[in-house]
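A short worksheet on the structure shown next.
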Amino acid sequence: MPKRHLVDLAATATRLADNTHLWESLVEYDPVSRYYARLALTREHEAWLLTWVPGQGTDWHDHGGSAGAFTVVRGALTEEHAVLQGEESAVVASSRELGTGSIRPFGTRHVHRVTNTTLEPAVSIHVYAPALTRMNGYVREGDRLRLVESRLAGVSW
């Protein structure tokens with residue numbers, strides 16, 4: 019994925035975050051599962067609002083070939099990411115804390131897990147290009163991840 023495209027995704031996420039009237043009324047917190055609402059769907063990208071109560075997070079996953087960017091608009095999130103080795107495995111690389119205002123662009127082969135490890139709720143805005151059609155799930159085995167599932171948009175989530 020060209021760097022320019024990643025910059026555009028980061029700029030789009032930032033622009034959406036700055037326009038609070040587009041998303042603030044959509045913020046809800048669900049204590050059982052992460053809450054999400056689609057903010058935009060165009061030919062070029064899609065955007066989502068996600069909320070995270072303390073302790074909520076994703077499993078290890080990739081975005082099925084879509085590039086993306088997300089920005090934290092409230093609270094803080096922890097992202098762990100891995101480096102793909104082949105099509106079906108990855109090595110856990112590192113983690114980073116992303117506070118309010120942080121932006122995280124990523125390419126088409128990005129594998130990660132995002133969690134709210136704080137005591138306060140968090141809100142983030144995510145932009146993907148092209149729009150998500152598939153997400154692949156991984157399971158951790160030591161310092162490696164193994165591909166275990168592929169979920170289709172509209173079918174498995």
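With positions in the sequence shown counted from 1, the corresponding number in our numbering is that position plus 18.
Think of the CB as a built atom: it goes at the ideal place given N, C-alpha and C, for glycine as much as any other residue.
Mapping the DSSP letters down to three states, classify residue i as helix, strand or coil.
i: ARG33; result: helix
i: GLU236; result: The chain is shown only over 19 to 175; residue 236 falls outside these bounds and no answer can be derived.
i: LEU137; result: coil
Between the beta-carbon of residue i and the beta-carbon of residue j, is there less than 8 Å?
i: HIS63; j: LEU27; result: yes
i: VAL129; j: HIS99; result: yes
i: ALA94; j: GLY119; result: no
i: SER112; j: THR96; result: no
i: LEU34; j: LEU57; result: yes
i: TRP70; j: ARG131; result: no
i: LEU165; j: SER84; result: no
i: GLU42; j: TYR53; result: no
i: ALA31; j: PHE88; result: yes
Sort out for me which residues DSSP pairs residue i with in a bridge.
i: SER113; result: GLU98
i: GLU64; result: LEU59 and TYR146
i: ASN154; result: ASP80 and SER168
i: PRO123; result: ALA87
How many angstroms separate the CA atom of residue i from the CA atom of residue j?
i: MET153; j: ALA55; result: 17 Å
i: LEU170; j: TYR156; result: 15 Å
i: VAL50; j: ARG92; result: 19 Å
i: SER168; j: GLU106; result: 11 Å
i: ASP48; j: VAL101; result: 31 Å
i: ALA140; j: GLY75; result: 11 Å
i: THR126; j: GLY86; result: 8 Å
i: GLY104; j: GLU115; result: 27 Å
Between which residues of its own chain and residue i is the CB-CB distance below 6 Å, once the five residues before and five after are set aside?
i: ALA65; result: LEU34, LEU57, ALA58 and VAL145
i: THR135; result: THR96
Taking 8 Å as the limit between beta carbons, can you name the residues of its chain near residue i, skipping five residues before and five after?
i: ILE143; result: ALA31, LEU34, ALA35, TRP41, LEU57, ALA65, TRP66, LEU67, LEU68, PHE88, THR89 and VAL91
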